[in-house]
Amino acid sequence: MTLRYWVFSIFFCLLGCTGKLTVQADICLSKDGSRSREYNTETHLCCGGVVQERFNSKREERGCCGDLQLFNRLEEICCKPDIVRDRYIQSGENRGKEQICCGKEIFHVDADATTRGCCGNHFSKEDGCCNQTTPFNSTTSYCVKDHVVPLGYDICNEKQYDTRKQICCADLVLHNSSSHWNTTRCCGTDIYDKRKKQCCMGKIQPRGSGHCCGKDLYNIGNELCCRNKIFHSDGFLQCCGGSTYNVSHQECCQGNGASKAIPKEAEMLCCRGVVHNINNVPNSRCCGNQTYSPLTNLCCNNDVIIKKDSTNHTICCGREAMSFHSCERDSGHFCGREAFHIKRDLCCNNKLHKNAKKRGIRCCLPGTDKFDPRSEICEFGGVKTKAETNNQPSLPIPGPQRRELRPTQIATGICSICSDAWTNRDVRRRILDKSLDICRENGYLLTVKHFEVSEIANKTWMDVTMKRNIFKTNANKTDIILELPCKCSSLMKQSRKRILLLTDLKFQNPPKSFHLGDSDAIVPRRKKILNMIRERFRNCDNYIVRNIRKIVFEDRIKKIISESKNKA
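For what it's worth, my numbering labels the leading residue of the sequence shown as 3, then goes sequentially.
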């Protein structure tokens, strides 16, 4: 039999009857982690680092009990940590009754029993289980702070109390409530009547004599409260951080936690909280907290200032995080951080191939390489010549194919956030008709703090706080700067609002900024949108799954080729 026969046999075996890749592969690691073995999860098990057959000779499914023991799921049960028992009692007066494990203990179940299930090491008839140790009846009691208490009661400092007669403040101090318990409130560890008093940062103050400013009161008619400090106001003063400035002849320079009042008419420029003297420096602009002249310099990433190579160079080019050079803006489209001509150049997952499109070159997805369909084929993101495959038709790429965007579709990419159509209703419609691709590895919840639109380039910078990733369990709050390849002055209405970023970028130990492209998407953070994305994300073939398919295919084909060579 020829090598070609074995290769295609393996391929069609993996594809199965549906025409899709159906092998569910996993890795079985030894207990010490020194050895690993690949196995099919549909036909085998990994028990304590040893691969076992999932079904016995009678085609009955088996499971792992502890590290090495196997048990018949139909006839046996596994009691922690590694004890196998019969599922049904074999002898005596209870013969034939089903058994159940609760921890290390085993109990039999009567057919007419009112018992509900395990609660710790107990088999209970109650419908509630508190802290996995204590059963309780939910019609008369409930579980609060790992304690079972009657309905209408609560726990304060490990003590049970009646919520109709007492009030707990700061989970430390209990107070007896008066007949007006519904108007009683906590202020720190003390209580007050909300009809007569108010709470200012833990200090009780009279109601009606002013508004809270820190722990004190101030008169909004002739006073200002700036960061919990009170200042007398003559009508022209406004807050500038923890101080004031006169709006008639001053302006407030603030940013990065700093704030300062500066004269309006002075030759000064405020850049993110830093004041610069720009006397005799025409057309000065801010670049982060620095200043530069756009006549001779460029501001890259709103952080790095470089000299122009030519007077007509209006944009920063460069692929590394802090390495830039100047270039002429060729068009309004960007591939990663480089400008490109949409009719001549080819952009493959943010990698630019100059003059490739006009020569008929295409992207080999899901990678970044290009290929000529007249002499080359694309297999699993890799490019091969047709001669290398003996003129045989190429194997189809598993999973969904991503097609290139037409010129009319560019506006629907990352820059759709700038359009009037960026509404909750429009985004939900695009998710439903799948014109918005939500299949990304990460979904970051962001709060927009500040944004800045470039005056000389097609760019907008967003200063955001990343709260958490909706596709992951861990939370890692951090501040980052995002760069959009478009001018987006409409983002002003998004300031201090929350959005969702769908991207394959990873924000662990992040650099100072990230560059977004059309492979990313920003949507409003609304409950209906989040629910739709979470529901449809379960059906996504994410990046890892696509690469597992490629690895499984290539590794098995290499193995067959190697074995055939050895036999020959």
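Where a beta carbon is used, it is the ideal one built from N, C-alpha and C, also for glycine.
- Here L70 is near V52, since their CB atoms are less than 8 Å apart.
- Beyond the five residues adjoining it in sequence on each side, D481 comes within less than 6 Å, by CB distance, of T467 in the same chain, given in chain order.
- Straight-line measurement puts the Cα of L239 at about 57 Å from the Cα of N541.
- In this structure, Y446 and L354 do not form a Cβ contact; the two beta carbons are roughly 26 Å apart against a cut-off of 8 Å.
- Excluding its 5 nearest sequence neighbours in each direction, G259 has C-beta neighbours in its own chain below 8 Å: G275, listed in chain order.
- Of the candidates D112, Q252, I433, L438, the residue whose Cα lies closest to the Cα of E95 is D112.
- With a cutoff of 8 Å on beta-carbon distance, G212 and R229 are scored as not near each other.
- Fully enclosed beta strand (DSSP E) runs of no fewer than 3 residues occupy 64 to 67, 71 to 74, 78 to 81, 85 to 88, 100 to 104, 107 to 111, 119 to 121, 124 to 126 of the segment 58 to 128, in order along the chain.
- If you ignore the 5 residues before and after N248, its C-beta comes within less than 7 Å of the C-beta of F238, L239, all in its own chain and listed in chain order.
- According to DSSP, E378 shares a beta bridge with T387.
- Short of 7 Å from the beta carbon of H234, and not among the five residues preceding or following it, lie these beta carbons of its own chain, in chain order: N224, E225.
- With a 10 Å radius around the Cβ and a threshold of 16 neighbouring Cβ atoms, A172 comes out exposed.
- Pairing L484 with I416, the inter-Cα distance amounts to about 12 Å.
- Beta-bridge pairing by DSSP links L300 to I308.
- Taking a C-beta distance under 8 Å as the contact criterion, L47 and R64 qualify as a contact pair.
- Counted as a single uninterrupted DSSP element, the alpha helix (DSSP H) harbouring F539 occupies residues 529 to 539.
- Listed in chain order, the beta strand (DSSP E) runs fully inside the segment 182 to 249 are 186 to 189, 192 to 195, 199 to 202, 205 to 208, 213 to 215, 218 to 220, 225 to 228, 231 to 234, 239 to 242, 245 to 248, counting runs of at least 3 residues.
- In this structure, V450 sits away from P526, with a CB-CB distance that is not shorter than 8 Å.
- Under the DSSP definition of a beta bridge, D481 partners with T467.
- Distance between G119 and A523, taken at the CA atoms: about 46 Å.
- DSSP lists no beta-bridge partner residue for C441.
- Here I416 carries a helix assignment [DSSP, helix/strand/coil].
- For S140 against G130, the beta-carbon gap comes to about 4 Å, under 8 Å, which counts as contact.
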